[in-house]
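Each residue of the sequence shown is one higher than the one before, counting from 337 in my numbering.
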Amino acid sequence: MSGWVGGVATVPVEGGLLTYEVLAGTTEPVLAIHGVSSQRRLWNWLHAEAPDLTLIAPDLRGRGDSVEISGPFSLAQHVEDMIMILDQLEVDAIHICGMAMGGFVAIRLAAQLPARVKSLILVDGGFPMDTPPGLTREKVPGLLADRLARLEDNWDGLDDYITFFVANTAPLLDPEDPLLRDNVMHDLRDGRVRLSPDALVADVADTFFDPNPWESVRVPIRFLRAQWGIGTASVPVYPDDLVERYEPYTVEMRSLSGLDHAGTIMTHSGAAAVAYVIKDALRAGSRT
Numbered sequence: 337m338s339g340w341v342g343g344v345a346t347v348p349v350e351g352g353l354l355t356y357e358v359l360a361g362t363t364e365p366v367l368a369i370h371g372v373s374s375q376r377r378l379w380n381w382l383h384a385e386a387p388d389l390t391l392i393a394p395d396l397r398g399r400g401d402s403v404e405i406s407g408p409f410s411l412a413q414h415v416e417d418m419i420m421i422l423d424q425l426e427v428d429a430i431h432i433c434g435m436a437m438g439g440f441v442a443i444r445l446a447a448q449l450p451a452r453v454k455s456l457i458l459v460d461g462g463f464p465m466d467t468p469p470g471l472t473r474e475k476v477p478g479l480l481a482d483r484l485a486r487l488e489d490n491w492d493g494l495d496d497y498i499t500f501f502v503a504n505t506a507p508l509l510d511p512e513d514p515l516l517r518d519n520v521m522h523d524l525r526d527g528r529v530r531l532s533p534d535a536l537v538a539d540v541a542d543t544f545f546d547p548n549p550w551e552s553v554r555v556p557i558r559f560l561r562a563q564w565g566i567g568t569a570s571v572p573v574y575p576d577d578l579v580e581r582y583e584p585y586t587v588e589m590r591s592l593s594g595l596d597h598a599g600t601i602m603t604h605s606g607a608a609a610v611a612y613v614i615k616d617a618l619r620a621g622s623r624t
């Protein structure tokens, strides 16, 4: 049985205070790292499907309750922040579940500090992706022009933003889903999205252009990938050729049919699949 107590806490990091939440269950803890434009309520669906899982869920710097951190922003800095959380909680080594960019943070942490990581569960992220044609680090702000403009908007209410979010980012989600509404409520304050544009640009640039140390990771990797990217029949984040490349480096490679990128964790079926794989990692870890 877990002795963990749930609640929200902060830890001092470079540039300010980083907020994280412990969702206490009965298992040993799992560090759950969200994606580039998300925040800790991304894990609402996972917690609903598997309340027995103990999750340590940060708001990464520049997002949610950590939005006021002044920087610096980089994948390397996220790794340092995660270590500060683990040190504060006196966790020597942990299983890590990373979604999208969170997977890239997890890969770097496992490569740099393998003694602190028991295994990785990567959800549609972590392994190198195909770089959009013509994209350079300097052109990333142009790639993100629509998202950056969204951060300047004032949203009249929760329903308006949910409608926009579903239409543009997650078309397979149910706008009436109470877990989605709770997630979006954590995004918004006074009509503005709590996401630093500097953090968004820096982290996307690092995701595409920083060296990815995935080949040096020696802990078990379990990988789940969506059938589609954004919406039905769209190009997936990880096409078949990339899956074939990375599969030999994993202990499990699972394709989530009928789900797009957001749906891998922001739906009940996606979250149930992720929960199953996390519990498999926990069981395997208990046998070593």
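We put the CB at the ideal spot given by N, CA and C, even for glycine.
Nearest-angstrom Cα separation, counted from residue j out to residue i
{"i": "L531", "j": "D523", "result": "8 Å"}
{"i": "A611", "j": "L382", "result": "7 Å"}
{"i": "M337", "j": "G470", "result": "Confidence at M337 is low in this model, with a pLDDT of 45, below 50, so its placement is unreliable and no value can be given for it."}
{"i": "L487", "j": "R528", "result": "7 Å"}
{"i": "K615", "j": "S605", "result": "15 Å"}
{"i": "V553", "j": "A485", "result": "37 Å"}
{"i": "P514", "j": "F501", "result": "15 Å"}
{"i": "G538", "j": "L411", "result": "Reading off the sequence, residue 538 comes out as Ala, not Gly. Rounded to the nearest angstrom, the two C-alpha atoms are 8 Å apart."}
{"i": "V441", "j": "V476", "result": "19 Å"}
{"i": "L445", "j": "R399", "result": "20 Å"}
{"i": "S634", "j": "I432", "result": "Since the displayed the chain opens at 337 and closes at 624, residue 634 lies outside it and no answer follows."}
{"i": "W564", "j": "E588", "result": "19 Å"}
{"i": "I406", "j": "G352", "result": "Note on residue identity: the sequence assigns Ser, not Ile, to residue 406. One C-alpha to the other measures close to 7 Å."}
{"i": "N519", "j": "D576", "result": "31 Å"}
{"i": "P507", "j": "M435", "result": "18 Å"}
{"i": "R376", "j": "G462", "result": "18 Å"}
{"i": "L345", "j": "A386", "result": "Residue identity check: residue 345 is Ala in the sequence provided, not Leu. Approximately 22 Å between the Cα atoms of the pair."}
With 16 other Cβ atoms within 10 Å as the buried cut-off, status of residue i
{"i": "N490", "result": "exposed"}
{"i": "V349", "result": "buried"}
{"i": "E474", "result": "exposed"}
{"i": "T362", "result": "exposed"}
{"i": "S374", "result": "buried"}
{"i": "T467", "result": "exposed"}
{"i": "Y582", "result": "buried"}
{"i": "V571", "result": "exposed"}
{"i": "R525", "result": "exposed"}
{"i": "E324", "result": "In the structure displayed, the chain extends from 337 to 624; residue 324 sits before or after that span and is not available."}
{"i": "V341", "result": "exposed"}
For residue j and residue i, believed in contact at Cβ under 8 Å, the rounded distance
{"i": "G371", "j": "M437", "result": "5 Å"}
{"i": "Y356", "j": "D395", "result": "7 Å"}
{"i": "T603", "j": "L509", "result": "7 Å"}
{"i": "V555", "j": "R590", "result": "Actually they are not in contact, since the Cβ atoms of V555 and R590 sit about 18 Å apart, beyond 8 Å."}
{"i": "G478", "j": "L458", "result": "About 28 Å; that fails the 8 Å criterion."}
{"i": "T505", "j": "I566", "result": "7 Å"}
{"i": "S402", "j": "L354", "result": "5 Å"}
{"i": "L560", "j": "E364", "result": "The pair is not a contact, with the Cβ atoms about 20 Å apart (cut-off 8 Å)."}
{"i": "R483", "j": "L449", "result": "Rounded, the Cβ-Cβ distance is 31 Å, inconsistent with contact."}
{"i": "K454", "j": "G621", "result": "5 Å"}
{"i": "T390", "j": "L359", "result": "7 Å"}
{"i": "I419", "j": "R397", "result": "So it is not a contact: roughly 13 Å between Cβ atoms."}
{"i": "P549", "j": "I443", "result": "7 Å"}
{"i": "I557", "j": "L456", "result": "5 Å"}
{"i": "V347", "j": "Q424", "result": "5 Å"}
Alpha helix (DSSP H) segment containing residue i, residue limits
{"i": "M437", "result": "437-448"}
{"i": "F559", "result": "Not the alpha helix (DSSP H): F559 falls in the beta strand (DSSP E), residues 557-562."}
{"i": "A360", "result": "Note, A360: premise wrong, no alpha helix (DSSP H); not H, not E."}
{"i": "T390", "result": "First-last for T390: 390-394, but that is the beta strand (DSSP E), not the alpha helix (DSSP H)."}
{"i": "V476", "result": "476-479"}
{"i": "M420", "result": "411-424"}
{"i": "R403", "result": "Looking at the sequence shown, residue 403 is not Arg but Val. Careful: V403 lies outside any alpha helix (DSSP H) and carries neither H nor E."}
{"i": "A498", "result": "Before going on, a small fix: residue 498 reads as Ile here, not Ala. Run containing I498: 494-504, per the alpha helix (DSSP H) assignment."}
{"i": "W381", "result": "380-385"}
{"i": "D526", "result": "Here D526 belongs to no alpha helix (DSSP H), and DSSP marks it neither H nor E."}
Endpoints, the beta strand (DSSP E) within which residue i is located
{"i": "P365", "result": "365-369"}
{"i": "T346", "result": "343-349"}
{"i": "R590", "result": "588-592"}
{"i": "L458", "result": "453-459"}
From the options, residue whose alpha carbon lies closest to that of residue i
{"i": "D496", "options": "A481, D482, E512", "result": "E512"}
{"i": "F544", "options": "V573, A360, Q563", "result": "V573"}
{"i": "A562", "options": "H597, L578, P549", "result": "H597"}
{"i": "L595", "options": "Y585, R377, A607, I392", "result": "A607"}
{"i": "I369", "options": "P408, I421, E551, D492", "result": "I421"}
{"i": "L516", "options": "V540, F463, G599, P547", "result": "G599"}
{"i": "D542", "options": "L578, P408, P584, D428", "result": "P408"}
{"i": "V415", "options": "L578, E404, A447", "result": "A447"}
{"i": "A429", "options": "D460, M521, I392", "result": "I392"}
{"i": "N380", "options": "D534, M521, D460", "result": "M521"}
{"i": "T472", "options": "L578, V579, V540, Y585", "result": "V540"}
8 Å Cβ cutoff, residue i in contact with chain B
{"i": "L359", "result": "Within the model displayed, chain B is absent; a lone protein chain is all it includes."}
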